[in-house]
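Chemist:
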Ligand code: NDP
Ligand code: MG
Ligand code: MG
């Protein structure tokens, strides 16, 4: 494993170079402001009719169209939603790429699954913060940074890695450490993590636990606190001190009960499904499904969003978060 810190970065690779950040959302806003505050020459590329245009101007960022920014800059850092990147690349970025430019991303998706096929004459790199944009910005302002991942898919100039690391330094990531990976590894593990553990797995576990208690006649408010609210406290402990620290902080009863029952919840069957889900990611089956879903106007996603918003746990949560002052 290779991990890079500030001392490993040569900021000179970006001297006299302009970085265009395409998009000013969660990541675009944070990374462009951090890089600009770090002294890099940053411009923001946006569409004129969107909301971000005015927001970026109000932050004193130099704003131009995606076409203009891509033509003007030496490094084009694409931070718009993954599912529209290919289309914006074809229409507004591709023709602005010059020999020796760097095409950069914070997620490997479109390069790895070949929705974007850059010319040979450019570097293709990734610098990806391991945290949402708001944290990337706040940690930077606090004098620190979130950890990051760096990868080089195409090294035309011979210093592509240094270009990506210098951008990471500008965003504050090398203060915490930047791990080297590949587009393939970052893309596949990111999708697996969000599907199986972080977003898909966690919500289904919470939902199943909540519904089991409610169906057995317990008060939904009590069920909510046990299966959802308290999860954050446990995850915080694991995040700070590992499993051992968490087991140490909960009661001996919780430790014994948890250790003797957990593999009845996540069973061999579940692990088999995890492998299948990983295979769907690796073979590109998932990416195809998501592309098709987008092409047909997202019928599945819209249907599932409607169902999700009607869940009993969501209604209980909204009410209880308000009562506890967690949500207005
Ligand atoms: P957002 O959804 O926050 O991006 C929204 C921005 O994209 C807005 O500024 C929007 O402008 C702009 N945009 C949308 N459509 C267009 C268009 N057609 N032309 C020009 N600009 C457009 O994206 P994220 O920041 O969440 O993600 C960006 C990248 O970062 C992705 O690759 C993602 O995987 C990666 N990433 C995201 C993380 C996160 O925490 N969110 C973490 C790590 C990586 P407008 O106001 O005009 O609509
Ligand atoms: Mg992701
Ligand atoms: Mg308890």
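Numbering (UniProt numbering), first residue to last: 1 to 328. Glycine included, C-beta positions come from ideal geometry on N, C-alpha and C. Computed from a prediction, not measured in an experiment: that's the story for all the values here.
1. Which whole runs of the beta strand (DSSP E) in the region 99 to 161 are 3 residues long or more, in chain order?
2. Give a yes or no on contact between the region 39 to 47 and the region 62 to 71, applying the rule of three or more CB pairs nearer than 8 Å.
3. Whose C-beta lies closer than 8 Å to the C-beta of residue 311 among residues of the same chain, with five residues either side of it excluded?
4. Where does residue 258 sit, in a helix, a strand or coil, going by DSSP?
5. Distance, Cα to Cα, residue 105 vs residue 128?
6. Over the uninterrupted beta strand (DSSP E) stretch that includes residue 180, give me the two end residues.
7. With a CB to CB cut of under 8 Å and the five nearest residues on each side skipped, what residues in its chain are close to residue 146?
8. Mind checking who residue 46 pairs with in its DSSP beta bridge?
9. So does residue 118 have its beta carbon nearer than 7 Å to some heavy atom of ligand 1?
10. Can you tell me whether residue 192 is buried or exposed, with buried defined as 16 or more other CB within 10 angstroms of its CB?
11. Measuring only from the beta carbon, is residue 107 closer than 7 Å to any heavy atom that is part of ligand 1?
12. Nearest CA to the CA of residue 119: which residue from 205, 98, 133, 26?
13. Please state the DSSP three-state secondary structure of residue 95.
14. Please report how far the alpha carbon of residue 109 lies from the alpha carbon of residue 170, in whole angstroms.
15. Below 6 Å CB to CB, which residues in the same chain sit around residue 115 once its five sequence neighbours on both sides are set aside?
16. Counting only the same chain and skipping the five closest in sequence on each side, list residues whose C-beta sits under 7 Å from that of residue 111.
17. Closest to residue 32 by C-alpha separation, out of 142, 60, 289, would be which residue?
18. Regarding residue 293 and ligand 2, is the C-beta to nearest heavy atom distance less than 7 Å?
19. Looking at ligand 2, does it come within less than 7 Å of residue 194, judged from the CB to the closest heavy atom?
20. Taking 7 Å as the cut-off, is the CB of residue 149 close to at least one heavy atom of ligand 4?
21. Who are the Cβ neighbours of residue 293 in its own chain at under 8 Å, not counting the five residues just before and after it?
22. Looking at residue 56: is its Cβ nearer than 8 Å to the Cβ of residue 24?
Modeler: Considering the structure as presented:
1. 102 to 105, 123 to 129, 148 to 154
2. A contact exists between the region 39 to 47 and the region 62 to 71.
3. Along the chain shown, one-based indexing puts residue 311 at 311. Excluding positions up to five away in sequence, the list reads 207.
4. Within the chain shown, the letter at position 258 stands for residue 258. Correct three-state label for residue 258: helix.
5. Within the chain shown, residue 105 is the residue found at index 105, counting from 1. Within the chain shown, residue 128 is the residue found at index 128, counting from 1. Answer to the nearest angstrom: the Cα atoms are 7 Å apart.
6. By 1-based counting over the chain shown, the position of residue 180 is 180. Unbroken beta strand (DSSP E) run through residue 180: 178 to 180.
7. Within the chain shown, residue 146 is the residue found at index 146, counting from 1. So the qualifying residues of the chain are 129, 130, 131, 135, 136, 139, 172, 173, 176.
8. On the chain shown, position 46 is the one that residue 46 refers to. According to DSSP, which records beta bridges pairwise, residue 46 is partnered with 65.
9. The residue labelled residue 118 in the question sits at position 118 within the chain shown. Because no heavy atom of ligand 1 lies under 7 Å away, the Cβ of residue 118 does not count as near it: no.
10. Within the chain shown, the letter at position 192 stands for residue 192. Buried, since its Cβ has 16 or more Cβ neighbours within 10 Å.
11. On the chain shown, position 107 is the one that residue 107 refers to. Answer for residue 107: yes, Cβ within range of ligand 1.
12. As a first step, residue 119 must be located in the chain shown, where it is residue number 119. The shortest C-alpha separation from residue 119 is found at 98.
13. Locating residue 95 in the chain shown gives position 95, counting from the first residue. Note: residue 95 maps to helix in three-state DSSP.
14. Here the question's residue 109 lines up with position 109 in the chain shown. Here the question's residue 170 lines up with position 170 in the chain shown. Here the alpha carbon of residue 109 sits roughly 23 Å from the alpha carbon of residue 170.
15. The count along the chain shown starts at 1 and reaches residue 115 at position 115. Closer than 6 Å at Cβ, skipping near neighbours: 86.
16. Taking the chain shown and counting its residues from 1, one reaches residue 111 at position 111. Cβ within range, chain order: 105, 124, 153, 183.
17. Numbered from its first residue, the chain shown carries residue 32 at position 32. Cα-wise, what sits closest to residue 32 is 60.
18. On the chain shown, position 293 is the one that residue 293 refers to. Residue 293 Cβ: outside cutoff for every heavy atom of ligand 2.
19. One-based indexing of the chain shown puts residue 194 at position 194. Residue 194 Cβ: within cutoff of ligand 2.
20. The model on display carries ligand 1, ligand 2 and ligand 3 but not ligand 4.
21. Within the chain shown, the letter at position 293 stands for residue 293. Answer for residue 293: 299, 300, 301, listed in chain order.
22. Here residue 56 refers to the residue found at position 56 when the chain shown is read from its first residue. Here residue 24 refers to the residue found at position 24 when the chain shown is read from its first residue. For residue 56 and residue 24, yes; Cβs fall inside 8 Å.
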